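In full-length UniProt numbering, the protein residues as written are 1 to 254.
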Ligand code: NAD
């Protein structure tokens, strides 16, 4: 049976930015395959309640076998993949000299090896059809060396390097690959980082030119733009900052 409705796969979809990306893409007519470590049941129920076709593809993105199962389920149920959004990520805030090898390895595994595996495996299906869009959720931490985040910054710099390389390798075969770089976004990740004593709301509001956090919706709309051939059909290998001008201003002292 031929499946005509476009399909989007979103990783890390149980909460925060990923959950909002799912609803944004569903509103734009995509069928959504939602991933998280455990089945993202609330996200899938929310999407179905809103009338969208949604599928749960649980699994750790850094686990090669799990990614294989995610692709298999998506292809079995939805028959195609048009958009992949690599949103799953973990934050590690600790001085470089106190970063354990375990923290370093886990951060790189989730934030960089995971997107490599999902790009490789979902990318094959896109390359077979000669069509697809991948959006990697990096960070301003992929552009700057903000202190106390050696593993996180390295993983996000690496993700931007992966984005540019795939854009170069796959652009001529119909698959565009771009990244969004959110600044500070009010999510549970941010709550956890603040609880660790890294920074306060006032620090962020005082340093971002637009004097506020990004919302998950700000990020989701940028992702939807990069996923849409009608809006960004010749944009490939780009990193789109969604940070209220923070990177442009460049001031961060701690
Ligand atoms: P969050 O912690 O609220 O949500 C992340 C989701 O990813 C969670 O549901 C978690 O279970 C899932 N996840 C973690 N490891 C996974 C794995 N191995 N496999 C599958 N799923 C996994 O975070 P968020 O704030 O919504 O962040 C989403 C993305 O945006 C991350 O990549 C993050 O680095 C990036 N980002 C966030 C901010 C911010 O200020 N919140 C800023 C810049 C970039």
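Ideal Cβ placement from N, Cα and C applies to all residues, glycine included. Small disclaimer: the values here were computed from a predicted structure and weren't measured.
Coarse secondary structure for residue i, derived from DSSP in three states
i: residue 160; result: helix
i: residue 109; result: helix
i: residue 182; result: strand
i: residue 306; result: As displayed, the chain neither begins before 1 nor continues past 254, which places residue 306 out of reach and without an answer.
i: residue 35; result: coil
i: residue 80; result: coil
i: residue 153; result: helix
i: residue 61; result: coil
i: residue 88; result: coil
Start-to-end residues for the alpha helix (DSSP H) that takes in residue i
i: residue 144; result: That residue, residue 144, is in no alpha helix (DSSP H); it is neither H nor E in DSSP.
i: residue 94; result: Residue 94 -> no alpha helix (DSSP H), and no H or E assigned at all.
i: residue 219; result: 216-227
i: residue 44; result: 41-49
i: residue 327; result: Lying outside 1 to 254, the shown extent of the chain, residue 327 is not represented and no answer is given.
Selected residue, minimal CA-CA separation from residue i, among the options
i: residue 120; options: 67, 231, 78, 15; result: 67
i: residue 214; options: 12, 14, 20; result: 20
i: residue 180; options: 247, 105, 14; result: 247
i: residue 296; options: 175, 239, 199, 33; result: Given that the chain is displayed from residue 1 to residue 254, the structure contains no residue 296 and the question cannot be resolved.
Limits of the beta strand (DSSP E) - the one that residue i falls within
i: residue 100; result: Looking at the DSSP string, residue 100 is not in any beta strand (DSSP E), and its letter there is neither H nor E.
i: residue 239; result: 239-242
Neighbour flag for residue i against chain D, beta carbons, 7 angstroms
i: residue 145; result: Among the protein chains of the structure shown there is no chain D, as only one such chain exists.
* Asked: On the three-pair Cβ rule with 8 angstroms, is the region 136-152 touching the region 92-112?
  -> The region 136-152 is in contact with the region 92-112.
* Does the region 25-35 touch the region 2-12, meaning 3 or more C-beta pairs lie closer than 8 angstroms? -> As far as the Cβ criterion goes, the region 2-12 touches the region 25-35, which means the pair count is three or higher.
* Asked: Can we say the region 135-147 touches the region 188-197, given the rule of at least three CB pairs closer than 8 angstroms?
  -> no
* Asked: Within the chosen definition, does the region 56-63 reach the region 31-43 through at least 3 CB pairs nearer than 8 angstroms?
  -> yes
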